[in-house]
Ligand code: SF4
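Numbering (our numbering), first residue to last: 469 to 838.
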């Protein structure tokens with residue numbers, strides 16, 4: 469029987485670097501697009517196997533929609549020729565407003581891509597400019613419209629919370645603007661100011677002031693409330709979906725299902741090995757090898773809890789036992805006592821879950837369990 473796995477494909481090119489971005493993405497390297505696609509196709513040859521069947525595909529970046537339609541067509545043709553897909557495979561592609569074209573979307577549709585994720589972030593022009601985004605909110609709306617006309621029904625919008633100077637009222641305004649576009653899924657990410665980014669420099673200099681912790685919590689609560697009122701179910705700390713529209717690829721990753729990674733910076737997970745391809749396109753094109761980490765049984769058990777606790781469903785005791793051959797209670801035993809006592813985690817119907825307070829203090833729960 470074939471093994472069902474996920475597949476992540478990384479497209480590292482961007483128009484320009486956003487102020488907060490520390491992802492493995494590069495502006496001004498369009499000249500590498502053709503050799504990059506050739507290299508990814510060679511990697512497909514190395515990684516494809518008749519034993520695999522792809523249950524989910526996620527094309528992320530970078531800005532996949534920056535790739536010319538003809539190159540995306542080549543990539544997806546090659547992918548379909550080398551890998552078997554389940555008939556109902558979820559196939560997602562990230563796109564950035566301002567780069568989405570009818571031709572590109574038609575290529576995605578032709579190759580069975582059935583879910584789009586658009587980086588929308590905020591509807592206020594000043595916040596979009598501060599983030600260094602290349603698009604306006606009108607372009608977000610135009611991209612959603614174009615996607616619908618191309619036949620996409622399952623559309624995610626990414627939004628950001630906790631931006632410098634952002635207010636709760638602005639988050640509410642963005643939520644209303646986003647909901648008016650009728651997405652099936654919303655990801656609401658709290659800003660993390662990473663060292664080495666332009667945002668970090670501005671915050672460090674005091675030029676940009678981040679909202680207070682309380683205000684940030686209020687923004688998050690505004691998302692939870694407004695989205696619940698509109699029929700969205702929260703299934704992960706930052707992710708909300710209409711019933712049946714949770715991102716299967718991400719849920720599978722959080723349940724530790726195996727997946728292949730293709731392209732620079734792409735991560736993969738097979739057996740007890742996690743690997744990451746070289747993050748820099750120059751190294752990837754030069755054929756440098758992936759960095760591999762062999763997981764010990766303890767690493768694997770900790771991963772199950774770390775990833776599972778992100779989801780509202782939590783960590784299933786039964787699934788944990790099936791995967792690790794040891795019960796969740798035996799594996800973590802005494803380490804669970806403190807977070808349980810502090811009301812940060814709870815047992816419910818055979819699952820270990822974070823409480824609402826635990827969601828705010830997730831890191832301290834994980835430190836206890838390490
Ligand atoms: S579009 Fe995304 S990947 Fe590209 S620079 Fe902006 S945040 Fe980073």
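Even glycine gets a Cβ: it sits at the ideal position worked out from N, Cα and C.
- Shown here, residue 524 sits in a strand according to DSSP, grouped into three states.
- Burial state of residue 757 is exposed, judged by a 10 Å Cβ sphere holding fewer than 16 other Cβ atoms.
- Here the C-alpha atom of residue 812 lies approximately 18 Å from the C-alpha atom of residue 702.
- In this structure, DSSP gives residue 567 a state outside helix and strand, which the three-state scheme calls coil.
- In this structure, residue 624 has its CB at a distance of at least 6 Å from all heavy atoms of ligand 1.
- A residue is called buried when at least 16 other Cβ atoms come within 10 angstroms of its Cβ; residue 554 does not meet this threshold and is exposed.
- The shortest C-alpha to C-alpha distance from residue 494 to any of 509, 478, 508 is the one to 478.
- The Cβ-Cβ distance between residue 472 and residue 528 does not fall below 7 Å.
- As the crow flies, the alpha-carbon of residue 671 is around 6 Å from that of residue 677.
- In the DSSP assignment, residue 476 forms a beta bridge with 526, 729.
- A distance criterion of 6 Å places the beta-carbon of residue 470 beyond contact range of ligand 1, judged by its closest non-hydrogen atom.
- Nearest neighbour of residue 614 by Cα position, chosen from 589, 576, 634, turns out to be 576.
- Look at residue 509 here: in three-state DSSP terms it is helix.
- By the Cβ rule, the stretch 692 to 707 counts as touching the stretch 772 to 789, because three or more pairs are nearer than 8 Å.
- For residue 838, the closest C-alpha among the options 689, 491, 806, 810 is that of 806.
- Residue range 583 to 589 is occupied by the beta strand (DSSP E) that includes residue 587.
- Residue ranges of uninterrupted alpha helix (DSSP H) with 4 or more members, entirely inside the stretch 642 to 730 and ordered along the chain, are 666 to 673, 681 to 697, 716 to 722.
- Here residue 552 carries a strand assignment [DSSP, helix/strand/coil].
- Taking 8 Å as the upper bound for CB-CB distance, residue 818 and residue 784 are in contact here, some 6 Å apart.
- With fewer than 16 other beta carbons inside 10 angstroms of its own, residue 513 counts as exposed.
- A straight line joining the alpha-carbon of residue 608 with that of residue 516 spans about 36 Å.
- The count of Cβ pairs closer than 8 Å, one atom from the stretch 652 to 666 and one from the stretch 685 to 703, reaches three, so the stretches are in contact.
- For residue 531, the distance from the CB to the nearest heavy atom of ligand 1 is below 6 Å.
- The C-alpha of residue 551 is placed about 8 Å away from the C-alpha of residue 518.
- Here DSSP, grouped into helix, strand and coil, assigns residue 471 to strand.
- In the DSSP assignment, the residues bridged to residue 815 are 820.
- Inter-residue distance for residue 630 and residue 683 is about 8 Å (C-alpha atoms, whole angstroms).
- Distance from the CA atom of residue 480 to the CA atom of residue 752, rounded to whole angstroms, is 11 Å.
- Annotation: residue 820 to residue 834 spans about 13 Å, alpha carbon to alpha carbon.
- Between the stretch 489 to 506 and the stretch 572 to 592, the count of C-beta pairs closer than 8 Å stays below three; the two stretches do not touch.
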